[in-house]
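What follows is a single structure, written as structure tokens, with notes after it.
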Amino acid sequence: MIDILKDQKVIFFDVGYTLDMPASGDWMFTNKFLELAGEKLKQRTEAEIQRARDKGLRFLAQSHLVQNVEAEIQNFFDYYSIISDQLELGLSEAGREQIARDRACNMKNYIPYPGITEVLSTLSRTYQLGIISDTWPSIEPQLEYIGVSQYLSFTTFSCFVGVFKPDKRIYLDALSKCGVPAEETVFIDDVVRNLDGAAALGMTPILIAANPDADVETDYLKIHDLRELIR
1 MIDILKDQKV IFFDVGYTLD MPASGDWMFT NKFLELAGEK LKQRTEAEIQ RARDKGLRFL
61 AQSHLVQNVE AEIQNFFDYY SIISDQLELG LSEAGREQIA RDRACNMKNY IPYPGITEVL
121 STLSRTYQLG IISDTWPSIE PQLEYIGVSQ YLSFTTFSCF VGVFKPDKRI YLDALSKCGV
181 PAEETVFIDD VVRNLDGAAA LGMTPILIAA NPDADVETDY LKIHDLRELI R
């Protein structure tokens, strides 16, 4: 075990780009979306696509208290409607429904990182493990699909709290569930500002840079593979 884990009792993990990655290379532009958006999407500039994404994500942020998968699908339907309208993709209602349902229910949209079950299995013998993730209700079958559910003692999902990281309420929810002082917990995430939020409450942060975009300069301990935790 790496030294930073000594004297700790609970390790919290993010999910995306920590335990798994998107099969299409993008969390929202799934393979089904790319298939149905087709050539029209390729005709749009990066700036146009980014503006559409930003508008869609603002909608999701404003409507993030989501209690079940059917409500999640409706949120995604509205998101893809915004994307289609902004980029003039001409996606039909049936197409948007298909994309939204695929985004929520198709577990093949997720690829687990190598070794994650070994890592969590090993760590669970010494520590209690939990999740703090910006996500939707379909995260529960997703965690089962990637093979880690059985190692988790606590989960905090933004969709049930109604806020995204680094809002302190999401970390306080996790800490209340584990019943351990923040100083005896670790949080592993691929985004520095999310680690800042955890550190502000006394949690020990670790940056995971499995995704090259996350490989930034930081004063926090940085790893590139979760297997480094148990070597």
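Note that my numbering gives residue 129 to position 129 of the sequence shown, counting from 1, and the numbers run on in steps of one.
Just so it is clear, CB atoms sit at the ideal spot from N, CA and C, and this is done for glycine as well.
Query, Result
"At a cut of 8 Å, does the segment 184-201 reach the segment 2-14 through at least three beta carbon pairs?", "yes"
"Check whether the Cβ atoms of Phe-157 and Thr-185 sit closer than 8 Å, and answer yes or no.", "no"
"Would you call the segment 82-96 in contact with the segment 61-69, where contact means no fewer than 3 C-beta pairs closer than 8 Å?", "no"
"In this structure, does DSSP put Tyr-79 in helix, strand or coil?", "helix"
"Confirm, please, whether the CB-CB distance from Thr-204 to Ile-4 is below 8 Å.", "yes"
"Measuring CB to CB, does Ala-174 end up less than 8 Å from Phe-160?", "no"
"Does the distance from the CB of Val-66 to the CB of Pro-137 come in under 8 Å?", "yes"
"Am I right that Leu-129 and Tyr-151 are in contact with their C-beta atoms under 8 Å? What's the rounded C-beta distance?", "5 Å"
"When DSSP labels each residue in this structure, what does Gln-150 get in the three-state scheme?", "helix"
"So, for Thr-117: in the same chain, excluding its five sequence neighbours on each side, which residues have a beta-carbon less than 6 Å away from its beta-carbon?", "Gly-147"
"Tell me the rounded alpha-carbon separation between Ala-43 and Glu-88.", "Reading the sequence as shown, one finds Gln at residue 43 and not Ala. Spanning the two alpha carbons is a distance of roughly 10 Å."
"Answer yes or no: do Lys-32 and Ile-99 have a C-beta to C-beta separation smaller than 8 Å?", "yes"
"For Met-21, which option in Leu-172, Ile-223, Ile-170, Pro-112 has the closest C-alpha, if you only look at C-alpha atoms?", "Pro-112"
"Please report the distance separating the alpha-carbon of Ala-199 from that of Gly-90.", "45 Å"
"For the candidate residues Tyr-171, Ala-47, Lys-177, whose alpha-carbon lies nearest to that of Asn-194?", "Tyr-171"
"Cβ atoms of Leu-207 and Ala-214: under 8 Å apart, would you say?", "yes"
"Round the Cβ separation of Val-119 and Leu-226 to the nearest angstrom and send it over; I've been treating them as touching at under 8 Å.", "5 Å"
"According to DSSP, is Ile-4 part of a helix, a strand, or is it coil?", "helix"
"One question on the structure: do Thr-30 and Asn-109 come within less than 8 Å of each other, judged by their Cβ atoms?", "yes"
"Grab the span of the alpha helix (DSSP H) containing Asp-173 for me, first residue to last.", "168-178"
"Does DSSP put Gln-43 in a helix, in a strand, or in coil?", "coil"
"Quick check: Ala-107 and Gln-50, are their CB atoms within less than 8 Å of each other?", "The sequence shown places Met at residue 107, not Ala. Not in contact: Met-107 and Gln-50 (Cβ atoms no closer than 8 Å)."
"When you compare each of Lys-6, Gly-179, Lys-9, Leu-19 to Ile-139 by their alpha carbons, which one comes out closest?", "Leu-19"
"Given a cut-off of 8 Å on the beta-carbon distance, is the pair Gly-197 and Lys-168 in contact?", "yes"
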